Each structure stands twice: as structure tokens, then as C-alpha cells.
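Following the working numbering, the numbering of the sequence shown begins with 5 at its first residue and continues without gaps. All C-beta atoms in this analysis are idealised placements derived from N, C-alpha and C, irrespective of residue type, glycine included. Remember, predicted model here, so these are calculated numbers, not experimental data. These notes are about the structure you will find just below.
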Amino acid sequence: MRRTPVRTCVTCRKTEGKRALHRFVRTAAGIEFDPGGKKAGRGAY
């Protein structure tokens, strides 16, 4: 059985599995939605 990575929401501080939360990334162009979870840059859930 594989372990699911746990992430914390930056707004409400609730912990959930990585796939249950949406990831946003800070880039040089601003903040972007990262649906695949693979974009380079500082991410937040």
C-alpha cells in the first residue's frame, strides 16, 4: 500500500492528501494554478 503525501492548506490550515487540494505556484509572471502539480516554482496548497 502506497502512502499518500499530506499537505496543509495555507488558508484554513487543514491537512489533506496531496490530490485533494489545489496547488498554486509563484512564478516570475505572478501566481498560477498548477493542475498537474509539476510546475517549477514555489508552490502552496
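Below-8 Å beta-carbon distance, residue i vs any chain D residue
i	result
Ala32	Although the question refers to chain D, the structure presented lacks it and comprises just one protein chain.
Whole-angstrom distance between residue j and residue i, CA atom to CA atom
i	j	result
Pro39	Tyr49	11 Å
Ala44	His26	15 Å
Arg30	Met5	33 Å
Ala32	Gly47	13 Å
Residue i, buried or exposed, once every other Cβ within 10 Å from all chains shown has been counted against 16
i	result
Glu11	Note on residue identity: the sequence assigns Arg, not Glu, to residue 11. By the 10 Å Cβ count, Arg11 comes out buried.
Secondary structure of residue i, DSSP reduced to three states
i	result
Ala48	strand
Arg6	coil
Arg23	helix
Gly34	strand
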